[in-house]
Amino acid sequence: MIHKQAKRRKQKKTQKWKFPYKETINFVKFLVALTVIFFIFQFGSQALDWPIETISIESTFERVDILQIEEIISSELNHGFFSINLSIVKERVASLPWIDKVLVSRRWPGKLEISVTEQIPVARWGDSGLLNIHGELFVKEARHISSELPLLNGPEDRSYEVAQRFISIQQRLIPFGLDLRGMNLDERGAWEMTLSNGISIRIGRRNISEKFDFFIDVVANFILSQDTAISFIDMRYDNGFSVSHKK
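Okay, here's the thing in structure tokens:
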């Protein structure tokens, strides 16, 4: 019994390590196949990356100049159909004035399509600025501004806040048939509105949201019920409002 155990120990000690030839060969084959696929894709895509033959630009072209678009993307057109970076093309076109949204896509076999949505001005900001439908000051120094657009004023860093207030009140006045033509926020933080019929609404500096709601819920109906011409309505009181009639 002791002799057999010693023999087994001796047999274990004399076992040799075998190199995993099969596994190594399979791994090498995998690397070779991966390399071949990479080079086929790399050189194949380059061979198939033909030039862009046609560019389609769609827009209303009321404010946007098609020549500006073509010029700003000209350097990107040196790339092929597959290698051109659509994100860069989109960013460059979107950087132009009066452009709100840009869509860029490829169309087989060699066409680049660009769709441009122009900004829609909803109000003037100060003497030369324009606000869009999102309440953004998208042009600070406009050359030509329609006097028919409502006029908004205030500190430039609060232009978005003023625009959002204006858009909200304007929409809520539609059922009353009233039109908001101006809104002003002065340096002290006091708000004032002007309707298309010339009535001035003095909101003040305190409880602004509540007073705007009160204007819609109560004051708007009061204005419609009046037979005599109103000059301005003062809502700077904690409760209620006062009315000044035109002489």
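Numbering (the working numbering), first residue to last: 263 to 509. From the three backbone atoms N, C-alpha and C, an ideal C-beta is built for every residue, glycine too.
What residue from the options has the CA that sits closest to residue i's CA?
| i | options | result |
| --- | --- | --- |
| ALA356 | PHE343, GLY388, GLU332 | GLU332 |
| GLN432 | GLU410, ALA452, LEU457 | LEU457 |
| ARG354 | PRO412, ILE429, SER337 | SER337 |
| SER462 | ALA452, GLY416, ILE492 | ILE492 |
| VAL424 | GLY342, SER409, ILE287, ILE395 | ILE395 |
| SER471 | SER430, PHE438, LYS402 | SER430 |
| ILE346 | GLY439, ASP311, ASP479 | ASP311 |
| PHE428 | PRO437, GLU403, PRO412 | PRO412 |
| GLU324 | LYS373, PRO383, GLY342 | PRO383 |
| HIS507 | LYS473, ASN469, GLY460, ASN501 | GLY460 |
| GLU315 | GLY416, GLY372, LEU365 | GLY372 |
So residue i and residue j are in contact, right, with Cβ under 8 Å, and what is the actual spacing, rounded?
| i | j | result |
| --- | --- | --- |
| LEU414 | MET455 | That belief does not hold up - the Cβ atoms of LEU414 and MET455 are roughly 10 Å apart, past 8 Å. |
| VAL326 | GLU398 | Going by Cβ atoms, the distance from VAL326 to GLU398 rounds to 17 Å, so no, they are not a contact pair. |
| ARG464 | ASP496 | 5 Å |
| SER390 | GLU410 | Not quite, the Cβ-Cβ distance comes to about 16 Å (not below 8 Å), so this is no contact. |
| ILE407 | ARG386 | 6 Å |
| LEU348 | VAL366 | 5 Å |
Distance, Cα to Cα, residue i vs residue j?
| i | j | result |
| --- | --- | --- |
| ASP419 | LYS352 | 28 Å |
| ILE319 | ILE485 | 49 Å |
| PHE531 | GLY388 | Because the chain is modelled from 263 through 509, residue 531 falls outside the range shown and cannot be assessed. |
| TYR499 | ARG443 | 23 Å |
| GLN488 | ALA482 | 10 Å |
| PRO313 | PRO359 | 29 Å |
| LEU392 | THR297 | 57 Å |
| ASP511 | ASP479 | Past the boundaries of the shown model lies residue 511; the chain is included only from 263 to 509, so the question cannot be answered. |
| ASN469 | ALA452 | 11 Å |
| LEU339 | TYR422 | 37 Å |
How would you label residue i, buried or exposed, when you count the other beta carbons within 10 angstroms and need 16 or more for buried?
| i | result |
| --- | --- |
| ILE317 | exposed |
| THR490 | exposed |
| ARG405 | exposed |
| ILE376 | buried |
| SER321 | buried |
| LEU447 | buried |
| LYS473 | buried |
| GLY416 | buried |
#### Entry: Sequence ranges, alpha helix (DSSP H) only - wholly within the stretch 386-445, length at least 4
421-435
### Ordered list of beta strand (DSSP E) runs contained in the stretch 446-471, each at least 3 residues
453-457, 462-466
### Query
What residue ranges within the stretch 325-386 form continuous alpha helix (DSSP H) runs of no fewer than 4 residues, ordered along the chain?
328-334, 348-356
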